[in-house]
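Some notes on the structure that comes next.
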Amino acid sequence: SPTTVREYRRLVAKTIGPDLRNLRLGRVTTKRVDDYYAQRTTERGLSPATIRHIHAVLRGAFGQAVKWGMVPMNPIVGTTPPKLRQREIRPPSIADTKRLLDTADEYDREYGALLRVLATTGARRGEVCGIRWSDIDRGARALSITRAIASVAGGAVVKDTKTHASRRIELDDATLAILDAQLDRMQQRANACEVELLDDDYVFTSTADRADPLHPDTITKTFARVCKRAGVSGVRLHDLHHLHATQLLAAGVPVRTVSGRLGHANAATTLNVYAHFLEASDREAADVIGDLLD
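Sequence positions in the sequence shown follow this note's numbering and run 23 to 316.
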């Protein structure tokens, strides 16, 4: 992914390079790298996730060094990076989500429409930035997710979805009406600029010719301002993705359907990510069957 490439290059330039560039390849041992991980964690406070990113870069680099005959073996293979603790998912409440959507709509109608699509489809921010008018099937009330916009150094690029697969998501009537209103706004803008609105134009864009999508980082920064205006704290933009999943699972929507809407590679991924939430649902299921039998 272009985003992963950007992060790895940043780690090489800012952390790995300054720390290890003066160390000869032959002197890089498994013990020395384990000590480096520990030192970076305890003295400089790097998170386990960051250490594991560093580990991935070093493992790949030394793997290539082995292929090129620079070192006889990959010393990184035997290292022990810290375990990654899975962050407990805490999606916003429905009340807070409604407040955010109302505030976003007051702040900017187009951003309000974008936030609504994020919440009702479970799509990722880059995927919503990449939606074109041709992706919306009004007759079938469906949206096709076929691409995503990724943030890279100096701008943004179009890429595949996270799983490199397209998916089709059904839309509710209210969201479809909001997209129709967005289409009217874009048509008015096109008329004012004396240009033609095309099917391949982006749905959400800040340029007059609609040829460039919104930058993913832009909608994240705007979300922070919307949260502040709404008086809602501790909510990230990606939490709307989690809200979509947890509310559907709570309503009894099959896991496979939820997985498809979220764009997970398979239902097992959904079960793994939302395991703690499903445990709570299982307790409710036990009460339900017990009440029926009693």
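We treat Cβ as the ideally placed atom computed from N, Cα and C, and that holds for glycine.
Predicted model, so just to flag it, every value in this text is computed and none were measured.
By DSSP, does residue i sit in helix, in strand, or in coil?
{"i": "R278", "result": "helix"}
{"i": "R154", "result": "strand"}
{"i": "N288", "result": "coil"}
{"i": "P24", "result": "helix"}
{"i": "L219", "result": "coil"}
{"i": "E110", "result": "coil"}
{"i": "L140", "result": "helix"}
{"i": "V99", "result": "coil"}
{"i": "V295", "result": "helix"}
{"i": "N213", "result": "helix"}
{"i": "M92", "result": "coil"}
{"i": "D313", "result": "helix"}
{"i": "L45", "result": "coil"}
{"i": "P104", "result": "coil"}
{"i": "A273", "result": "coil"}
{"i": "A308", "result": "helix"}
Using alpha carbons as the reference points, say which of the options lies closest to residue i.
{"i": "I38", "options": "V27, T51, Y58", "result": "Y58"}
{"i": "S166", "options": "G253, V277, V225, E65", "result": "V225"}
{"i": "V79", "options": "T291, V34, H237", "result": "V34"}
{"i": "T244", "options": "G177, L122, V99", "result": "L122"}
{"i": "A203", "options": "K250, W155, E218", "result": "W155"}
{"i": "R28", "options": "A178, V99, R74, L136", "result": "A178"}
{"i": "T185", "options": "A175, A289, L137, C215", "result": "A289"}
{"i": "D261", "options": "T51, L68, I73, T242", "result": "T242"}
{"i": "A135", "options": "D206, G91, G282, G82", "result": "D206"}
{"i": "V277", "options": "L259, Y296, H263, L265", "result": "Y296"}
{"i": "A117", "options": "K105, Q269, A83", "result": "Q269"}
{"i": "A252", "options": "D124, V93, K181, L271", "result": "D124"}
{"i": "F99", "options": "T63, T197, F84", "result": "Sequence inspection shows Val at residue 99; the Phe mentioned does not correspond to that position. The shortest C-alpha separation from V99 is found at F84."}
{"i": "F299", "options": "P24, D56, I111, W90", "result": "I111"}
{"i": "P70", "options": "L106, R190, V257, L198", "result": "L106"}
{"i": "S23", "options": "S173, I191, L201, R189", "result": "S173"}
{"i": "N96", "options": "T119, T64, V55, R131", "result": "V55"}
{"i": "W90", "options": "L47, T51, L201", "result": "L47"}
{"i": "L265", "options": "K250, R283, P94", "result": "R283"}
{"i": "R66", "options": "H286, D41, R81", "result": "D41"}
Just mark residue i as buried or exposed, buried being the case when its beta carbon has 16 or more other beta carbons within 10 Å.
{"i": "L45", "result": "exposed"}
{"i": "Q86", "result": "exposed"}
{"i": "A162", "result": "exposed"}
{"i": "D159", "result": "exposed"}
{"i": "E149", "result": "buried"}
{"i": "A273", "result": "exposed"}
{"i": "E323", "result": "Nothing about residue 323 can be reported from this structure: the residues present for the chain run from 23 to 316 only."}
{"i": "D157", "result": "buried"}
{"i": "H75", "result": "buried"}
{"i": "I311", "result": "exposed"}
{"i": "L140", "result": "buried"}
{"i": "I171", "result": "buried"}
{"i": "T101", "result": "buried"}
Would you list the one or two residues that DSSP bridges to residue i?
{"i": "S224", "result": "Strictly speaking, residue 224 in this sequence is Tyr, with Ser absent from that position. Answer is R154, bridged to Y224."}
Hey, which unbroken runs of the beta strand (DSSP E) at 3 residues or more fall wholly within the region 159-203?
164-167, 170-174, 177-181, 189-192
Those runs of the alpha helix (DSSP H) which lie wholly inside the region 63-89 and span at least 4 residues
70-89
Which runs of the alpha helix (DSSP H) fall wholly inside the region 227-264 and span at least 4 residues, in chain order?
238-252
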